[in-house]
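Have a look at the structure below before the remarks.
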Amino acid sequence: MDVNSAHRSVSLLRSLDGVMPQWSERLESRPALDFVHYCLRGVGQIVFMNNPVTGLLILVGMWVFSPWLGFAAVLGVVASTASALILGLDRVAVRAGLYGFNGALVGAGLATFLEPPWSGRELVYIVVVAAFSTMLMATLGAMLLPRLKVPPLTLPFNFATLAFLLAAFAVAHGDVGPLVGPQSPTVVGPEIDTSLRAAEGGSAVGVVEGVVNAIVRGISQLFLADSVVASLIILAGMFVCSRIATAFAVLGSALGVATGLLLGADGYKVYHGFWGYNSYVSAVAIGGVFFVLTWRSALFAAACAVVTALLFATISTVFSPWGLPALTLPFCFGTLAFLIMKELTPRFQEVPIEEVTTPEEHRRLLGRGEAEFGGRDAVGEQRE
Amino acid sequence: MDVNSAHRSVSLLRSLDGVMPQWSERLESRPALDFVHYCLRGVGQIVFMNNPVTGLLILVGMWVFSPWLGFAAVLGVVASTASALILGLDRVAVRAGLYGFNGALVGAGLATFLEPPWSGRELVYIVVVAAFSTMLMATLGAMLLPRLKVPPLTLPFNFATLAFLLAAFAVAHGDVGPLVGPQSPTVVGPEIDTSLRAAEGGSAVGVVEGVVNAIVRGISQLFLADSVVASLIILAGMFVCSRIATAFAVLGSALGVATGLLLGADGYKVYHGFWGYNSYVSAVAIGGVFFVLTWRSALFAAACAVVTALLFATISTVFSPWGLPALTLPFCFGTLAFLIMKELTPRFQEVPIEEVTTPEEHRRLLGRGEAEFGGRDAVGEQRE
Amino acid sequence: MDVNSAHRSVSLLRSLDGVMPQWSERLESRPALDFVHYCLRGVGQIVFMNNPVTGLLILVGMWVFSPWLGFAAVLGVVASTASALILGLDRVAVRAGLYGFNGALVGAGLATFLEPPWSGRELVYIVVVAAFSTMLMATLGAMLLPRLKVPPLTLPFNFATLAFLLAAFAVAHGDVGPLVGPQSPTVVGPEIDTSLRAAEGGSAVGVVEGVVNAIVRGISQLFLADSVVASLIILAGMFVCSRIATAFAVLGSALGVATGLLLGADGYKVYHGFWGYNSYVSAVAIGGVFFVLTWRSALFAAACAVVTALLFATISTVFSPWGLPALTLPFCFGTLAFLIMKELTPRFQEVPIEEVTTPEEHRRLLGRGEAEFGGRDAVGEQRE
Chain A
1 MDVNSAHRSV
11 SLLRSLDGVM
21 PQWSERLESR
31 PALDFVHYCL
41 RGVGQIVFMN
51 NPVTGLLILV
61 GMWVFSPWLG
71 FAAVLGVVAS
81 TASALILGLD
91 RVAVRAGLYG
101 FNGALVGAGL
111 ATFLEPPWSG
121 RELVYIVVVA
131 AFSTMLMATL
141 GAMLLPRLKV
151 PPLTLPFNFA
161 TLAFLLAAFA
171 VAHGDVGPLV
181 GPQSPTVVGP
191 EIDTSLRAAE
201 GGSAVGVVEG
211 VVNAIVRGIS
221 QLFLADSVVA
231 SLIILAGMFV
241 CSRIATAFAV
251 LGSALGVATG
261 LLLGADGYKV
271 YHGFWGYNSY
281 VSAVAIGGVF
291 FVLTWRSALF
301 AAACAVVTAL
311 LFATISTVFS
321 PWGLPALTLP
331 FCFGTLAFLI
341 MKELTPRFQE
351 VPIEEVTTPE
361 EHRRLLGRGE
371 AEFGGRDAVG
381 EQRE
Chain B
385 MDVNSAHRSV
395 SLLRSLDGVM
405 PQWSERLESR
415 PALDFVHYCL
425 RGVGQIVFMN
435 NPVTGLLILV
445 GMWVFSPWLG
455 FAAVLGVVAS
465 TASALILGLD
475 RVAVRAGLYG
485 FNGALVGAGL
495 ATFLEPPWSG
505 RELVYIVVVA
515 AFSTMLMATL
525 GAMLLPRLKV
535 PPLTLPFNFA
545 TLAFLLAAFA
555 VAHGDVGPLV
565 GPQSPTVVGP
575 EIDTSLRAAE
585 GGSAVGVVEG
595 VVNAIVRGIS
605 QLFLADSVVA
615 SLIILAGMFV
625 CSRIATAFAV
635 LGSALGVATG
645 LLLGADGYKV
655 YHGFWGYNSY
665 VSAVAIGGVF
675 FVLTWRSALF
685 AAACAVVTAL
695 LFATISTVFS
705 PWGLPALTLP
715 FCFGTLAFLI
725 MKELTPRFQE
735 VPIEEVTTPE
745 EHRRLLGRGE
755 AEFGGRDAVG
765 EQRE
Chain C
769 MDVNSAHRSV
779 SLLRSLDGVM
789 PQWSERLESR
799 PALDFVHYCL
809 RGVGQIVFMN
819 NPVTGLLILV
829 GMWVFSPWLG
839 FAAVLGVVAS
849 TASALILGLD
859 RVAVRAGLYG
869 FNGALVGAGL
879 ATFLEPPWSG
889 RELVYIVVVA
899 AFSTMLMATL
909 GAMLLPRLKV
919 PPLTLPFNFA
929 TLAFLLAAFA
939 VAHGDVGPLV
949 GPQSPTVVGP
959 EIDTSLRAAE
969 GGSAVGVVEG
979 VVNAIVRGIS
989 QLFLADSVVA
999 SLIILAGMFV
1009 CSRIATAFAV
1019 LGSALGVATG
1029 LLLGADGYKV
1039 YHGFWGYNSY
1049 VSAVAIGGVF
1059 FVLTWRSALF
1069 AAACAVVTAL
1079 LFATISTVFS
1089 PWGLPALTLP
1099 FCFGTLAFLI
1109 MKELTPRFQE
1119 VPIEEVTTPE
1129 EHRRLLGRGE
1139 AEFGGRDAVG
1149 EQRE
């Protein structure tokens, strides 16, 4: 390998980092390829990674777990992104994948809770509900962004998917699968089987094996995939865009699992990552994406991950009469509760929504001083 | 008939059209008659028709179905409008019937879900809840209008009526009737009887008969009347004010029915107009009232009618543990989801809330250019 | 007693009145004592009394009913106030007790609905949930204050406590006590036992005895204490700060009880003050705290107390599938419904949130004219 090719390899690897603005510039003139490119960014945006390679690896992870799940996510991201184009929504936001991530989750969610897979009816449902999630993204954005300066996160996915599942109860062709199981709320208490185990009625696994599975599976559980391999591929995808975010993902999942273990949650659910998948997205959001990473914001992110884990249990109980999944509502409510108060405290350095890129980049901009963050009090933290 | 009287007849007919500003001017100096006049406008405003003749014909339609229903609606509109006067709320809004339509629906709603009819206690309940709906109209207006530039629609009716029905569960004199039937949510699926039929356990009617009944009954079902005759009288009332709105009402009801049939809804409910009554108000709202009618806004109205029909099923399922009716919440949520995003897209020409009159008038003003719509970008659609 | 000491006694008594600004000034330089002082103000703020003596007497009342309840309230107010300091929230608000009252109620709420008392786990839960209530106070404040100009009231307490109780359903160490009893909603109707009685299955007491107990117990029921003695101590505490507020508390509780009796509520619940505890806080809020007291605002406060009583029944029914308590949500929703519309009517003289002190002081400032209320239209009421 001569110096030049080594140079090119290094340059190629470097171009994968962060939000990859070079790719956006190059593809702008080629609409078809560009559409694929920002659909991939849309998938990455589920975990705030505005990076097409992250998106691609997430899809690979989902496909490895289940081709139907991976295909449904692709269909969802395409339908919601195309809807944004048809509605004439802000082009910059569309190209950043911001009208894609809810649709991708809608696809994955309906693929999981409806059945049978690959049916024509479900494809139609995914397209319709993903398109509706784009409407809700615009509507919730108009409600939250100008005044509270917080984004709608994955609320559009949650509202659209839950609305459809509830509607499906009442009709003959609703295709609701067995994962939706209505039951009366009960206080189970000490009878809950807290032993970490792989199968519902199976025997307990070792603590280390159980905890590692719990933390790692949480990563892919966000995408409705329950697989260690998928989780590792997804973590690799996040790593390409942001090392800090990847670290907070693992940390957040661990804090969610720890909360579940301390409270005495059902060990089967803990093992399969249900206590981690909301907490880790909260940790990534607070610990570097919407606040510049400092020791204080790291502690704040940890607190938010714990609260989010509690809210997972809260929302599961609220939804039990209809047997609905909590989806990512715990992450949405937990993160918004910690984010909306941002202007009332001088403790954290907020990142203006329109300038969100990667945790690494936010730290770099903060270091350079005030002017970088649109003239706001960007060095408040430094000065203290 | 000489020329003069013919002239006068034509002039009388013409004065019935649109929002009839001449009547408002003439009656301003006669408070008692004026009160009757704007109470009638209030009834018309249930379907966005700011026209006393529309209101009168709607009341006739309700009375034909059930004198108790018609009387309760009158009591409700009087109580809520009088409350607005007592609270000193904006006179222009009161005279446009904007503090009446929720009260009229409260009257009709309580008359339907409480029993027995004509009891003194129910009259008191209607007056109190209708007055409270006026409070909620002011409060929700203060929340939605200045920032999101959308009106509260019939949310005050829904919140006030549902709050009262839920309170009535817990007290001896709640008078809750048999139409409120709490039951656990279940996924019924393919066992649902989708055959269009007039009686719950009756035999199926022909498709044409069934579909026509479904579409037409939807019109009066909004007013808690289940009657083809009432529906035709109400359509005639809407026709007086706006031909476009009347067309969208029928179209919207048809789209709701089509959605129900495609999803496999209970054929008894479809036949009686339950799948159409929310969808048609959404179609009227989007297709001409809040957006200027164009081909694009017509398609948008159709999409909103379909989403609203889905939300009817959603909310019915959500409410099943308490056995509550969905009322017009599906219309409110569906229309707001499509309306709040209006400033994010250049595809549609919004009508500023304070300048809403009739779909016909909106098209006329748009044709005359920018200046007419308060200097906003009123010709955006034209320029494209 | 010479003239000087008599003078000093009078001066001491006078210094107890209103919001006691002298105490705040004196204690500013002694952080530890100051912390105690504004924690006590926090307890007083539960009933809008920014006065440490009121807070102290409320705690005495709670301790008299149950030392565990009193201790839990102290722990909650300390945890939530300390959290506000750690988060760097507005010092003036912290010193007015505004980050304490939700935490005090969280402590009392969890002490009541979890068990066993005095367990280490519950102390941890109280600290965590009280701290979270401070987060919610900041977040809801950021949502409501700048635009709607209304405070979050006790919504943070309600959301945090209900969220934790729901989460506790799903875990082994949730410690949910027998007062949380999930059951399917039912329309009980005329079978409800409306006779006023002290024990669930006991015999009816006399009307006067029953009604007096109902009204008086309502006062302490707000603080999760069910005791006539505690109620009298609390009323004495309120009296120190504001005679008007004390009168509206009794009046509001009476209106709540009257509403319950007229509707035919369960006589056991009425006797124990459940129909009064929300209504009285609504009456205090509307009748002097957020509106300057006039005959009109007094009538408005009475209407709000009645609506709040209805909402107590509403929310109890909504929560029955999970068996959750209504807490103070009826007060929050009732008061906000009557408060948010304040700028739409000229009938009442609103008190700007940042200038809220005591009903007496508001009347005094209004008398002095426009300039006193930050230059707003403060004499609107006078001029009419």
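Order-wise, the sequence lines are chains A, B and C.
Under this note's numbering, residue 384 is the last one in the first sequence; the count climbs by one each step, no gaps.
Under this note's numbering, residue 768 is the last one in the second sequence; the count climbs by one each step, no gaps.
Under this note's numbering, residue 1152 is the last one in the third sequence; the count climbs by one each step, no gaps.
Don't be surprised by glycine CBs; every beta carbon is placed ideally from N, CA and C.
No experiment lies behind these values; they were computed from the predicted model shown.
- Here DSSP, grouped into helix, strand and coil, assigns Phe675 (chain B) to strand.
- Residue environment: His391 (chain B) is assigned as exposed (fewer than 16 neighbouring CB atoms within 10 Å of its CB, all protein chains considered).
- Residue burial is scored here from C-beta neighbours: Ala265 (chain A) has at least 16 other C-beta atoms within 10 angstroms and is therefore classed as buried.
- The beta carbon of Pro714 (chain B) is closer than 6 angstroms to those of Asn662, Thr692, Leu695, Phe696, Ile699 in its chain, skipping five residues each way along the sequence.
- Within chain A, the residues placing a beta-carbon under 8 angstroms from that of Val948 (chain C) are Val187, ordered along the chain.
- Using a CB distance cut-off of 8 angstroms, Thr678 (chain B) does not count as an interface residue toward chain A.
- Put simply, the backbone Cα of Ala552 (chain B) is about 46 angstroms away from that of Arg731 (chain B).
- For Val668 (chain B), no Cβ of chain C is located within less than 8 angstroms of the residue's own Cβ.
- B:Ser666 is the residue among B:Ala514, B:Val427, B:Ser666 whose C-alpha sits nearest the C-alpha of Ala629 (chain B).
- For the options B:Cys688, B:Leu749, B:Thr742, the alpha carbon positioned closest to that of Gly428 (chain B) is the one of B:Thr742.
- Residue environment analysis places Asn819 (chain C) among the buried positions, since at least 16 neighbouring C-beta atoms fall within 10 angstroms of its C-beta.
- Sixteen is the threshold: when 16 or more other Cβ atoms of the shown chains lie within 10 Å of the Cβ of Leu69 (chain A), as they do, the residue is buried.
- Chain C places a beta carbon closer than 8 angstroms to that of His557 (chain B), counting this residue as a contact.
- Taking a beta-carbon distance threshold of 8 angstroms, Leu155 (chain A) does not count as an interface residue toward chain C.
- A residue is called buried once 16 or more other Cβ atoms fall within 10 Å of its Cβ, and Pro451 (chain B), having fewer, is exposed.
- Using a Cβ distance threshold of 8 angstroms, Leu162 (chain A) and Thr112 (chain A) do not count as a contacting pair.
- By the criterion of at least three beta-carbon pairs nearer than 8 angstroms, the stretch 904-923 of chain C is not in contact with the stretch 152-166 of chain A.
- Take Leu801 (chain C), set aside five residues on each side of it, and the residues of its chain with a beta-carbon closer than 7 angstroms to its own are Leu795, in chain order.
- The Cβ atoms of Asp943 (chain C) and Phe833 (chain C) lie no closer than 8 angstroms to each other.
- If the five residues before and after Ser399 (chain B) are omitted, its C-beta is found closer than 6 angstroms to the C-beta atoms of Gln406, all from its own chain and listed in chain order.
- Partner residues in the beta bridge of Val560 (chain B), as assigned by DSSP, are B:Leu498.
- For Glu1122 (chain C), the secondary structure class from DSSP, reduced to helix, strand or coil, is helix.
- The Cβ atoms of Leu114 (chain A) and Val129 (chain A) do not sit closer than 8 angstroms to each other.
- Contact annotation for Val702 (chain B) against chain A: Leu166, Trp322 [CB-CB distance below 8 angstroms, chain order].
- Under the 10 Å beta carbon count, Thr186 (chain A) is surrounded by fewer than 16 other beta carbons and is classified as exposed.
- Residue state for Glu360 (chain A) is assigned as helix, using DSSP reduced to three classes.
- Inside the stretch 1087-1116 of chain C, DSSP marks whole alpha helix (DSSP H) runs of 4 or more residues at positions 1097-1107, from first to last along the chain.
- The Cβ neighbour count for Trp886 (chain C), taken over all protein chains shown within 10 Å, is under 16; the residue is labelled exposed.
- Taking all protein chains shown into account, Pro574 (chain B) has fewer than 16 neighbouring C-beta atoms within 10 Å of its C-beta and is therefore exposed.
- Taking a beta-carbon distance threshold of 8 angstroms, Arg531 (chain B) counts as an interface residue toward chain C.
- When the five nearest sequence neighbours on each side are left out, no beta carbon in the same chain lies closer than 7 angstroms to the beta carbon of Arg91 (chain A).
- Take the alpha-carbon of Val1018 (chain C) and the one of Ile430 (chain B): they are about 41 angstroms apart.
- Among the residues facing chain A, Asp858 (chain C) is included, as its CB has a counterpart in that chain under 8 angstroms away.
- Taking 8 angstroms as the cut-off, the beta carbon of Val257 (chain A) is found no closer than this to the beta carbon of Val306 (chain A).
- Taking 8 angstroms as the upper bound for CB-CB distance, Leu75 (chain A) and Leu123 (chain A) are in contact here, some 7 angstroms apart.
- Against chain A, the CB of Met519 (chain B) has no partner CB under 8 angstroms away; the residue lies outside that interface.
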